[in-house]
Amino acid sequence: MKLIGKIIATEKVPTTVDEFFFWTDKELIIKPFDVVKVNHLKNSVTFGVVEEISHITDSSSFLAGFISSDFGDVKHQSYTQRIGMNYVKAKVVGNSLGIYTPVIDGYPVSLADEKDVREALGLLNVKNPLPCGYIEMYEPPHNITIPVHFNAQFLIGPEGAHLNISGISGLASKTSYAMFLLKAIQDQQLNAKNGESIAYVVMNVKGRDLLAIDEPNADLLKDDKSIYKMLGLNSDPFKNVTYFYPYSKDLVTSTYGRKSDIESQLKLNKAFLYKYIFEDDKDNIDLLFSNVDDPTQTMESIVNHIATGQGRFGEISNWKDLLQEIYENTKAGKAGNKEITVLSWRKFFRLFRKTIEKTTVFSNSLSNKPKDRETRLREAIKGIKKNDAFVIDIAKLDEETQGFVFGDVIRSIYELKLGQMDDRNEADIPSKIVIFIDELNKYASKDIPKSSPILHQLLDISERGRSLGIILFSAEQFKNDIHDRVKGNCSTHAYGRTNAIEVSKPDYQYIPPVYKSMLTRLKQGEYVIQNPVFRSLINIKFPKPVYKQFKNG
Amino acid sequence: MGNILTLLEDASNGTCYKSYRYCADEEIKVPTINYEETQSLTPVKDRYGETDTTMKHSKSLESLSARLINNKPLFRYFLDGSRRTYKVDDIELNRRIFPIMAGQIGVACCERQSASQFKCKDVENNLVIALPSEANPENRNSELFFNNLKDKINNGARVTKSGVKFSKLLSYPSRKLDQYQDGENKKYEHLGIAIIQDEMIESEKKIVSSLTGKNLLSDNSFLLKDGSLQYKPMKTGEFKELTKIKNNYRWVIGVSKLFNPELFKDKSGKSNAAAIANLPIYHRTPAFMFQHDFEKQQYYGDYKFSIWYVRIRDKNRTESPFAGVVKIEKILITDYENESGLDTELVDIITANIINERTPVCYGKDSRWANHLYPVYLTEQFLKSKYLSDLHFLNLF
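Protein sequence lines, in the order shown, are assigned to chains A and B. For the first sequence, position 158 (counting from the first letter as 1) is numbered 158 according to our numbering, and the numbering increases by one without interruption. Plus 553 on top of the position in the second sequence (first one is 1) and you've got our numbering.
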């Protein structure tokens with residue numbers, strides 16, 4: 001391959017076990033994350049990943065530059081350009097013979113070929129390969145494109161689990177990347193002879209983003225299709241998809257989906273409308289209050305009070321009566337439970353009424369006509385099968401109800417996997433369920449009250465999900481806001497475009513400065529990936545989504 | 554065995570003193586500046602160095618240089634030679650003490666292929682040792698003796714191990730100092746350094762000759778040599794050699810950063826340093842014709858120079874009135890040139906090109922920045938990078 005420079009080791013800047021420097025021609029185009037190789041002892045090859053590139057000249061000061069322009073004449077020309085060169089700092093990522101003594105001054109540095117890059121980055125012989133994007137390296141004519149694979153066992157267990165994607169809205173395309181990975185997993189599982197049984201639950205939190213993932217993307221270009229082919233995937237949309245819309249009488253009050261679309265999905269038996277029925281769901285009322293600060297645990301006591309049917313709550317059978325009964329408790333001088341003050345009841349009433357009156361999903365009963373396709377989410381999840389992809393729409397619900405639904409979903413999945421829903425044959429339950437939730441910061445940010453039941457559930461999943469087979473794919477704008485234990489348990493991190501303030505936070509401390517500023521300039525469809533299998537951070541790209549995109553949200 | 558000094562002792566029947574070794578360039582005040590600019594030049598009376606004889610004081614080349622900046626530069630090759638000398642030890646020969654001098658000689662020629670491409674064309678790096686001529690115990694076969702001794706040294710363990718080679722053993726005259734006429738060279742050290750300097754000049758000539766041999770120099774690709782062209786012919790001083798040298802220098806210009814302004818004499822022979830000091834920016838002096846002083850140095854042979862000065866930096870911006878002025882010289886080749894001087898048009902073009910070479914500057918890196926031309930500076934830096942470190946070199950002995 002092409003020689004591009006030689007190693008420099010000086011008194012002040014030596015080569016070390018971790019890094020080395022080399023000079024290159026000032027006109028050579030090379031960029032951070034490119035892999036270079038250096039001949040080393042015993043005919044071995046040391047691989048490095050470019051971190052920083054600097055251009056220097058022999059000018060001793062800015063003043064010399066000014067004087068060289070004939071004392072500040074901007075139009076001045078010279079016969080000779082000042083002598084200059086680039087020097088590059090590279091991080092050592094490996095040696096073909098495992099020799100880690102520092103590389104030697106004056107040794108040649110060259111670009112790597114495809115096999116070298118794979119070896120350097122740890123992409124060679126990846127077990128259980130799962131495509132996660134591709135790398136583009138160098139400038140023509142030396143440019144190479146290499147598909148990148150995760151070891152699936154490090155993404156969806158059992159070796160490592162959970163994925164966290166961060167990046168600012170719109171520019172980072174977090175949802176697209178998560179869906180790309182889910183698509184890759186589903187594609188592989190559908191084509192595998194002895195595939196695992198995996199099911200997918202996706203929360204739609206924004207517009208109509210994920211409300212047509214089983215319909216093809218008409219805008220998918222030939223180039224994108226060929227990338228899917230290179231990665232060993234087909235460019236068909238998701239299969240076995242079921243949509244769950246929040247129930248409302250006219251269908252559209254609680255969703256951004258178009259009425260006609262929903263109707264046709266219902267007709268094709270691809271969709272359900274979900275409802276919450278008092279009798280079955282009263283135990284989950286706590287989820288409505290997960291974002292309410294409750295230092296004295298009065299909210300929790302009230303929820304307990306209701307769920308266990310204390311006072312007159314045992315007689316209640318629908319949401320309306322419940323609200324009425326709570327209202328009764330807010331009246332001054334009301335005899336009964338002395339432990340909970342009237343003030344607390346009033347607060348509870350205020351919060352509860354806001355949600356119950358605004359939301360259409362709280363209902364008295366399910367329709368008994370199959371064509372109405374009404375269901376309880378808990379029931380639906382109980383019946384989830386291998387390769388199923390459930391899309392649960394919560395985009396238009398108010399924040400409390402969103403939390404309530406999400407909390408209910410993860411609670412149901414947790415119970416399903418723990419075998420608490422005992423009317424199902426153990427072997428039929430998918431061995432793994434992957435949950436994707438955008439805007440994780442709503443449920444697991446550092447500011448969420450410690451008592452939040454959803455936070456508890458998420459912590460449980462991130463800490464024990466790997467062994468239970470519950471895998472969390474989460475996304476948020478600012479990683480730094482997320483609870484340490486939730487992100488700490490993620491084996492894979494994807495960093496999309498973010499802003500300068502975010503990269504100055506402690507979460508990004510270990511990232512070299514040049515990569516940090518690159519994070520602020522990443523293009524749409526570009527990610528920096530950290531995974532235990534890779535020897536260094538990898539800058540990958542991924543193709544456009546295979547499913548229908550709604551241009552107007 | 555294998556120690557160079559031991560080998561020298563053995564071969565010369567002398568005794569080494571294991572005295573303190575040092576880099577002579579810093580310790581001994583060497584008359585290097587004067588060396589290049591031989592005092593023996595005298596103006597040729599009533600002759601001009603250029604064809605236009607009407608110019609009285611100076612002439613501005615600002616507009617010509619501004620016009621030429623968009624053309625291909627005249628200078629394509631840049632030559633610089635330098636040497637670093639060391640006093641390695643003292644040796645006793647016949648009850649007299651002589652210094653053993655050694656040196657690293659480097660001569661480099663760089664080519665400017667384009668504004669951004671500056672490459673080495675030719676480089677000579679030589680290590681030499683200078684011994685008194687008396688080191689040869691025999692009266693004859695001096696060359697053979699020093700050659701054999703050189704081979705022995707090169708085969709010695711320490712030299713072999715470090716992978717370097719000495720290219721020559723030089724001998725400096727070991728006449729008693731009081732018999733030495735020249736007032737300046739009063740120490741043997743200086744004689745040793747002078748002989749090493751001569752060797753460097755030889756290397757320079759060799760490179761110029763090889764460039765000419767390859768037809769690389771022409772009327773649109775000149776060679777710019779750092780320093781003066783006033784070579785003294787080597788030892789033999791044969792006329793034939795001088796003619797050859799002369800012809801090699803058809804497309805060569807010498808540019809000196811440092812010069813003795815007192816030597817600027819008009820055609821009547823009067824010194825006129827003030828004219829240089831007061832030279833306006835981008836102005837050049839008239840060119841005068843010079844030749845060696847036959848009375849003093851008869852063996853210098855018959856060649857004449859055109860010499861003129863140009864100010865390339867504003868006097869207000871430099872630290873002395875002479876900083877910012879460079880001296881340009883060219884050997885006169887044809888009979889016509891010898892008679893009437895250089896064509897004024899050529900003098901102007903050369904000068905305008907030198908003016909255009911004034912940037913970039915090595916300000917902050919070299920105190921002589923105002924007089925330095927950047928390509929020459931680069932060549933000098935390239936040469937320096939090729940030297941062995943002083944410690945490394947001294948420890949070969």
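In this text, a Cβ means the ideal position worked out from N, Cα and C, and glycines have one as well.
| Check | Outcome |
| --- | --- |
| So for W804/B, helix, strand or coil by DSSP? | coil |
| Is the Cβ of L3/A closer than 8 angstroms to any Cβ of chain B? | no |
| Indicate whether Y134/A and I540/A have their beta-carbon atoms separated by less than 8 angstroms. | yes |
| Closest Cβ-Cβ distance between Y79/A and chain E: below 8 angstroms? | The question asks about chain E, but that chain is absent: this structure's protein chains are A and B. |
| Is the beta carbon of H149/A less than 8 angstroms from the beta carbon of L121/A? | no |
| Evaluate S517/A with the Cβ neighbour count: other Cβ atoms within 10 Å of its Cβ, from every protein chain shown; 16 or more gives buried, anything less gives exposed. | exposed |
| Helix, strand or coil: how does DSSP classify P246/A here? | strand |
| What does G716/B reach in chain A if we use C-beta pairs closer than 9 angstroms? | Simply none; closest approach about 14 angstroms. |
| Taking only the alpha-carbon atoms, compute the straight-line gap between N623/B and V514/A and give it to the nearest angstrom. | 39 angstroms |
| Distance, Cα to Cα, S363/A vs V117/A? | 58 angstroms |
| Leaving aside the five residues before and after M85/A along the sequence, list all residues of the same chain whose C-beta is less than 6 angstroms from its C-beta, in chain order. | W23 and K26 |
| Specify the secondary structure class of K721/B as computed by DSSP and reduced to three states. | strand |
| Would you grab the beta carbon distance between T359/A and L322/A for me? Rounded to a whole angstrom, and I think it's under 8 angstroms. | The Cβ separation is near 14 angstroms, so there is no contact. |
| Which whole-angstrom value describes the C-beta separation of T871/B and A923/B, a residue pair presumed to lie in contact below a C-beta threshold of 8 angstroms? | 4 angstroms |
| Can you name the residues of chain B whose CB is closer than 7 angstroms to the CB of S61/A? | G917 |
| DSSP three-state call for P928/B: helix, strand or coil? | helix |
| Tell me, please, whether the stretch 92–105 of chain A touches the stretch 41–49 of chain A by the rule of three or more beta-carbon pairs shorter than 8 angstroms. | yes |
| G207/A: which of D438/A, G232/A, V50/A and Y177/A sits nearest, CA to CA? | D438/A |
| CA-CA distance, E590/B and T10/A? | Here the model assigns E590/B a pLDDT of 47, short of 50, so the residue's position is not dependable, and the following value carries that caveat. Roughly 39 angstroms between the two C-alpha positions. |
| Could you say if the stretch 419–428 of chain A and the stretch 449–469 of chain A meet the contact criterion of at least three C-beta pairs nearer than 8 angstroms? | no |
| Which same chain residues, not among the five before or five after V405/A, have their C-beta less than 6 angstroms away from its C-beta? | I394 |
| Who are the neighbours of A9/A on chain B, taking C-beta pairs under 9 angstroms? | Correct list: empty, because the minimum Cβ distance to chain B is about 15 angstroms. |
| According to DSSP, simplified to helix, strand and coil, what is K369/A? | coil |
| Buried or exposed: where does D250/A fall if 16 or more other Cβ atoms within 10 Å of its Cβ makes it buried? | exposed |
| Assuming the contact rule is C-beta atoms closer than 8 angstroms, A905/B and L621/B should be a hit. Round their C-beta distance to whole Å, please. | 5 angstroms |
| Could you give the distance in angstroms between the alpha-carbon of I567/A and the alpha-carbon of K797/B? | The structure shown does not extend to residue 567/A, since chain A spans only 1 to 553, so no value can be given for it. |
| Which two residues bound the contiguous alpha helix (DSSP H) that contains W319/A? | W319 to N329 |
| Excluding sequence positions up to five away, which residues of its chain have a Cβ less than 6 angstroms from the Cβ of N329/A? | W345 |
| Mind the definition here: the stretch 798–812 of chain B touches the stretch 657–667 of chain B only if three or more C-beta pairs lie below 8 angstroms; say whether that holds. | no |
| Consider the Cβ of T932/B: report whether some Cβ of chain A lies at a distance smaller than 8 angstroms. | no |
| Mind pulling the beta strand (DSSP E) runs of 3 or more residues that sit fully within the stretch 670–702 of chain B? | 671–685 |
| Over the uninterrupted beta strand (DSSP E) stretch that includes P108/A, give me the two end residues. | P108 to L111 |
| In chain B, which residues lie less than 7 angstroms from H55/A when you measure between Cβ atoms? | Correct list: empty, because the minimum Cβ distance to chain B is about 13 angstroms. |
| How about F542/A: is its C-beta nearer than 8 angstroms to some C-beta of chain B? | no |
| Using a Cβ distance threshold of 8 angstroms, determine whether the stretch 483–499 of chain A contacts the stretch 520–540 of chain A, with at least three qualifying pairs required. | yes |
| Rounded to the nearest angstrom, how far is the Cβ of L684/B from that of S635/B, given a contact under 8 angstroms? | Not quite, the Cβ-Cβ distance comes to about 22 angstroms (not below 8 angstroms), so this is no contact. |
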